[in-house]
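In our numbering, the protein residues as written are 128 to 452.
Here is the structure:
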């Protein structure tokens with residue numbers, strides 16, 4: 128039994144987990160170890176558990192843990208109280224009409240519509256792609272993030288690969304890290320294209336210090352961020368707009384949107400990076416149209432393309448742009 132130092136009241140709404148620290152996590156921060164041992168929850172949720180007094184170390188005596196940076200040791204045992212919170216209740220199946228382009232025993236290719244959030248987060252604890260995947264495949268609950276290995280912004284449409292097995296998920300994560308999953312986008316951007324038809328942009332991306340909702344190109348000698356590389360190919364241009372094919376070589380948050388704004392071509396409809404524009408589109412004009420990679424298990428080459436959604440197709444016509452055949 129836990130002694131009276133534990134300030135969590137057990138009740139019908141509290142689920143208790145008992146966690147043992149394996150050799151592989153020896154020396155890790157407590158919040159990171161909890162996130163790994165509770166894969167359905169994020170590291171921020173682990174930190175919240177600690178802040179709320181929901182984590183108890185059992186050895187050498189029962190002691191409530193609050194410090195996220197505490198280092199764990201092999202063989203330690205923890206009791207964790209999972210109280211119902213918006214985040215803990217977010218990982219529930221919700222039936223939705225998902226557009227599955229391809230599937231086998233190890234993976235699925237999903238066409239995500241604009242407006243669908245990929246993963247539960249503050250303000251969007253339900254109705255996400257993750258919730259739909261849990262309803263589509265009951266085994267997805269056994270995978271971290273229901274098999275999601277990369278994301279698209281809420282208002283970006285297009286192709287995503289989702290794992291259906293743990294071995295495939297681990298392999299896909301490694302392939303994405305090694306840049307072996309090729310992702311290409313079509314974007315309709317503001318202003319006539321300037322410079323060479325092909326432009327390589329290698330500029331680090333980090334949080335915008337003036338607006339925490341935005342990302343920005345940053346100088347890594349002065350602030351935190353990550354290296355980012357995008358190839359832009361102009362497919363057509365007119366006086367007011369241009370059609371651009373974007374190839375990701377890294378996968379930073381808002382990378383295409385930030386790099387396009389950085390070179391003077393913010394995306395049409397992108398209120399965050401270009402400001403409001405009344406052009407008949409209510410989201411950034413960005414679509415993940417092509418996905419290519421070798422199957423992580425069978426090594427079979429896989430390639431998928433997705434047509435422009437109707438809002439971007441109409442915008443293309445409105446701006447007098449044409450996509451090459």
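By construction, the Cβ of each residue, glycine as well, lies at the ideal position given by its N, Cα and C atoms.
Quantities reported herein were computed from a predicted structural model and do not represent experimental measurements.
How big is the Cα-Cα spacing for residue 309 and residue 416?
As the crow flies, the alpha-carbon of residue 309 is around 11 Å from that of residue 416.
In three-state DSSP terms, what is residue 182?
Residue 182 carries a strand assignment under DSSP once its states are collapsed to helix, strand and coil.
Within 10 angstroms of its Cβ, does residue 259 collect 16 or more other Cβ (buried), or is it exposed?
A residue is called buried once 16 or more other Cβ atoms fall within 10 Å of its Cβ, and residue 259 is buried on that count.
Tell me where the alpha helix (DSSP H) around residue 364 begins and ends.
Bounds of any alpha helix (DSSP H) do not take in residue 364; it lies within the beta strand (DSSP E) bounded by 356-364.
Closer than 6 Å by C-beta to residue 358: which residues in its own chain qualify, once you throw out the five before and the five after it? Chain order, please.
Same-chain partners within the cutoff: 327, 374.
On a Cα-Cα basis, can you pick out the residue from 159, 363, 332, 316 that is closest to residue 199?
Nearest C-alpha to residue 199: 159.
Three-state secondary structure (DSSP) at residue 386?
It is helical.
Helix, strand or coil for residue 306 per DSSP?
Assigned with DSSP and collapsed to three states, residue 306 falls in coil, not helix or strand.
Buried versus exposed call for residue 454 [16 or more other C-beta atoms within 10 Å across all chains shown]:
Nothing about residue 454 can be read from this structure; the chain reaches only from 128 to 452.
Helix, strand or coil for residue 244 per DSSP?
Note: residue 244 maps to coil in three-state DSSP.
Below 8 Å between beta carbons: does that hold for residue 409 and residue 396?
Cβ distance < 8 Å, so residue 409 and residue 396 count as in contact.
Once you ignore the five residues that flank residue 276 on each side, which residues in its own chain have a CB closer than 8 Å to its CB?
For residue 276, where only same-chain residues beyond five positions count, the Cβ hits under 8 Å are 288, 289, 290, 296, 299, 300, 303.
So, helix, strand or coil for residue 340, using DSSP?
Looking at residue 340 - three-state DSSP - the assignment turns out to be coil, as it is neither helix nor strand.
List the residues that DSSP assigns as beta-bridge partners of residue 430.
Looking at the DSSP assignment, residue 430 forms a beta bridge with 419.
Go through the stretch 215-298 residue by residue and report every complete run of the alpha helix (DSSP H) that reaches 4 residues or more, in order.
DSSP runs (the alpha helix (DSSP H)) wholly in the stretch 215-298: 256-263.
Tell me, to the nearest whole angstrom, how far the beta carbon of residue 206 is from that of residue 145; I am working on the premise that it is less than 8 Å.
The C-beta distance from residue 206 to residue 145 rounds to 6 Å, short enough to fall under 8 Å.
Taking DSSP's pairing of strands, which residues face residue 315 in a bridge?
Beta-bridge partners assigned by DSSP to residue 315: 370.
Which residues does DSSP pair with residue 143 in a beta bridge?
For residue 143, which the question treats as bridged, DSSP gives the partners 208.
Local Cβ density within 10 Å of residue 324, reported as buried at 16 or more and exposed below that
The residue is exposed, with fewer than 16 neighbouring Cβ atoms inside 10 Å.
Under the three-state DSSP convention, the category residue 450 falls into:
Here residue 450 sits in coil by DSSP.
Would you say residue 385 lies against chain D (beta-carbon separation less than 8 Å)?
Annotation note: the requested chain D is absent from the structure, which comprises a single protein chain.
If you compare alpha carbons, which of 152, 249, 147, 378 is closest to residue 186?
Ranking 152, 249, 147, 378 by Cα distance to residue 186 puts 147 first.
Cβ separation of residue 389 and residue 345, assumed to be a contact under 8 Å, to the nearest whole Å
Not really, about 11 Å apart at Cβ, beyond 8 Å.
Distance, residue 353 Cα to residue 341 Cα
Each residue's Cα considered, the two are about 15 Å apart.
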